[in-house]
Amino acid sequence: MVHGPVIAPNTDTRVIDQYPFRKSHYGKARTRPIANKQGPAGTNKRTEKRTMSFPSDLEIARGANLRPLADVAADAGIPADCLEPYGEGAAKIKLSAIERMSDLPKARYVVISAITPTPLGEGKTTTTVGLGMGFSHIGKKATIAIRQPSMGPTFGIKGGAAGGGYSQVVPMELFNLHLTGDMHAVTAAHNMCSAMLDAHLFHGNELGLDLNNITWRRVMDINERALRNIIVGLGGRLDGIPRETGFDITAASEVMAALALCTSLADLRIRMGRIVVGYDSSGTPITAEDLGVAGSMTVILKEAIKPNLMQTLEGTPALVHCGPFGNIATGNSSIIADQIGIHTGDFLLTEAGFGADMGAERFFNIKCRYSGIAPDAAVLVATVRGLKAHSGNHKIVAGRPLPEAILAENPDEVHQGGDNLRKQLENMQVHGVSPVVAINVFPGDHDVDIQAIKEIAEEFNARSAITTHFTDGGSGAAELAEAVAEAAEEPSEFKVLYPDEMSIRDKIRTVADKVYGADGVDFSPQAEKQIDSHEANGFGHLPVCIAKTHLSISSNPALKGAPTGWTLPVREVRASVGAGFVYPICGDMRTMPGLGSRPGAMGIDIDEDGEIVGLS
250 MVHGPVIAPN TDTRVIDQYP FRKSHYGKAR TRPIANKQGP AGTNKRTEKR TMSFPSDLEI
310 ARGANLRPLA DVAADAGIPA DCLEPYGEGA AKIKLSAIER MSDLPKARYV VISAITPTPL
370 GEGKTTTTVG LGMGFSHIGK KATIAIRQPS MGPTFGIKGG AAGGGYSQVV PMELFNLHLT
430 GDMHAVTAAH NMCSAMLDAH LFHGNELGLD LNNITWRRVM DINERALRNI IVGLGGRLDG
490 IPRETGFDIT AASEVMAALA LCTSLADLRI RMGRIVVGYD SSGTPITAED LGVAGSMTVI
550 LKEAIKPNLM QTLEGTPALV HCGPFGNIAT GNSSIIADQI GIHTGDFLLT EAGFGADMGA
610 ERFFNIKCRY SGIAPDAAVL VATVRGLKAH SGNHKIVAGR PLPEAILAEN PDEVHQGGDN
670 LRKQLENMQV HGVSPVVAIN VFPGDHDVDI QAIKEIAEEF NARSAITTHF TDGGSGAAEL
730 AEAVAEAAEE PSEFKVLYPD EMSIRDKIRT VADKVYGADG VDFSPQAEKQ IDSHEANGFG
790 HLPVCIAKTH LSISSNPALK GAPTGWTLPV REVRASVGAG FVYPICGDMR TMPGLGSRPG
850 AMGIDIDEDG EIVGLS
């Protein structure tokens, strides 16, 4: 999630920069002083923070002086009677706000993405939060829109997703744990459909569903590998029809993706009805509408469709809504949140999951296609260490001290790994959007290495700016805010990569060529057959959401930088018709994570005062 802590799988060691420390059973850590921090010209900054133990994210969050949410909403132009408070830390926003705010000026729309992720973490969420706060330091008003975290990763390896350091959304505990219950509503709506499907089978299967071609599974918001593949209906005659199925994590549910991409309650009802649960023996799709469950699913989601309003540590409005999986879905927060946020100030900042070849590509070609809101600029987060990792010269293991060599001054290596940054800049510009490189500075980064990143940005006539938001909050992102404001003023020439009427195969080839840099696409016989079926069933107009590894621009997670001379293998092509996209599968996608030997859940507890401890 962040610039700073790296949570290691199968260990209780965290790493802040190169310094490991151990967590106690209750998750309270012994911090160590962080290295001297250098400014753009090598000058020291924030001496007292640099030489003292850096507080944990939870300690920082609890020390925040929260503004009344009514004041946060009022400053953003959100009508007071459109707020539905959920305690002191969050509020639902009624959908009537969309129409009532429609006459307000439109904000500049900015998407935040990054280079291809490394185990070090490039800090997209902290940059989004820090940049949102940074605009207030240059006299501008901004709102941020981010996804709601899944409790699976929160209690697993990754930790929470509220940002980090002095760039967080607060209250941190509320943000990472349940919030207003949207995840549970998605879980219930999805599993209602599953229950109706199995009841239909039990009562005679009037629709003629092929038991070997049922695509709808079940979901839960906990990591549980033992439920990935199961058999239901075991027991006696009254216990259902035995068949193979399984569980995905809630973020991977098509219901979640549909909720994120809908534009109104009526649109959500249509999308629920279009969900394909399986096929009959002739290959005809059977939908949730056919099962008679789409209405009930929509009713369960009636409150979840309302975006959640929270705030940053500095009182910037934060719209937190939906959390679709970043591998097989869009990896972006909701369109409805953006419909409100676009009228709340000077800038609306929205984060896209993983690298620019993943979340940003889907933001451009799926989310913007359905929302009709065109972006004015893009931010590409990069770190010195991340680019050095993309050189392929270092073995980096999360949870262990960084190799000494990666910490040494080496601008040539930054340029070598900078091929990844170059390709991701191309990926922004091919969509007609002006990118700004956010150089997320870590303590100990060398000026010559930072300069190397600036030189790469200059190759593409792109702006760049140093940001130190993790330690300095909004003031540390003021330079970045200035650069983004300038980029957003340039004439926008946004365009999607392909038209609706293009064939599914050509859409896949277009993304593979222009975004991934592949030499071609290899469709398996199964994929060829599925594409033919989807087009015959009228799904050919849908955009494509290519499911591949997030660890490389290519389909091979071991390939760093910007690989060339490779072919994209398409193993399967599935349809999320309710959500509104076709998703080709290019590799082994895990839609239900598992827990490590020492997951984060082991360090999370309640202390003697009833306070949550160990949340990261």
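Mapping of the sequence shown onto the numbering used here: residues 250 to 865, in sequence order.
Built from N, CA and C at the ideal position, the CB exists for glycine as well.
Here the structure is a predicted model, which means the values were calculated and not measured.
Check                                                                                                                   : Outcome
From Ile387, Asp837, Glu857, Gln678, residue whose alpha carbon lies closest to that of Asp606                          : Gln678
Own chain, CB closer than 6 Å to Gly602, minus 5 neighbours either side, in chain order                                 : Gly575, Gly580, Gly608
DSSP three-state assignment for Ala421, whether helix, strand or coil                                                   : Looking at the sequence provided, one finds Met at residue 421 rather than Ala. Three-state result, Met421: helix.
Residue(s) in a DSSP beta bridge with Gly836                                                                            : BP columns for Gly836 are empty, so no partner.
Residues that Lys555 bridges to, as DSSP identifies them                                                                : According to DSSP, which records beta bridges pairwise, Lys555 is partnered with nothing at all.
Within the stretch 357 to 413, ranges of the alpha helix (DSSP H) (whole runs, at least 4 residues)                     : 373 to 383, 400 to 404
Length-filtered (3 minimum) beta strand (DSSP E) runs lying within the stretch 445 to 528                               : 458 to 463, 467 to 469, 479 to 481, 492 to 494, 496 to 498
For Lys778, the first and last residue of its enclosing alpha helix (DSSP H)                                            : 774 to 785
The stretch 563 to 573 / the stretch 538 to 548 touching (three or more Cβ pairs under 8 Å)                             : no
In DSSP terms, what Glu333 is bridged to                                                                                : Lys341
DSSP-derived helix/strand/coil call for Pro328                                                                          : coil
For Gly769: DSSP bridge partner residues                                                                                : Thr816
Distance CB(Val526)-CB(Thr536) smaller than 8 Å                                                                         : yes
CB of Phe489 within 8 Å of CB of Leu476, strictly                                                                       : Note that residue 489 is Gly in the sequence shown, not Phe. For Gly489 and Leu476, no; Cβs fall outside 8 Å.
Residues near Ile715 by beta carbon distance below 7 Å, same chain, minus five either side                              : Pro289, Ile688, Val690, Ile699, Glu728
Closest residue to Ser724 among Arg758, Gly787, Ile387 (Cα-Cα distance)                                                 : Ile387
Candidates Lys343, Glu371, Ala411: closest to Glu333 by CA position                                                     : Lys343
CA-to-CA distance, Asp856 to Val831, given in whole angstroms                                                           : 47 Å
Minimum C-alpha distance to Asn454 - residue among Gly381, Asp529, Thr816                                               : Asp529
Sufficient close CB pairs (3 or more, under 8 Å) joining the stretch 645 to 657 to the stretch 769 to 786               : no
Delimiting residues of the alpha helix (DSSP H) encompassing Ala807                                                     : Counting along the chain, Ala807 falls outside any alpha helix (DSSP H), and DSSP gives it neither H nor E.
Endpoints, the beta strand (DSSP E) within which Leu568 is located                                                      : 566 to 569
Neighbourhood of Thr813 by C-beta distance below 8 Å, restricted to the same chain and skipping five residues each side : Gly766, Asp768
Residues bridged to Ser803 [DSSP beta-bridge criterion]                                                                 : Per DSSP, none; premise fails for Ser803.
Inter-residue Cα distance where the pair is Thr365 and Asp539                                                           : 41 Å
CB of Phe743 within 8 Å of CB of Val682, strictly                                                                       : yes
Nearest candidate by alpha-carbon position, reference Arg349, set Val419, Trp815, Met441, Ile591                        : Ile591
Best match in Leu670, Ala313, Lys341, Val359 for proximity to Phe613 [C-alpha to C-alpha]                               : Val359
Identified DSSP bridge partners for Arg823                                                                              : Tyr832
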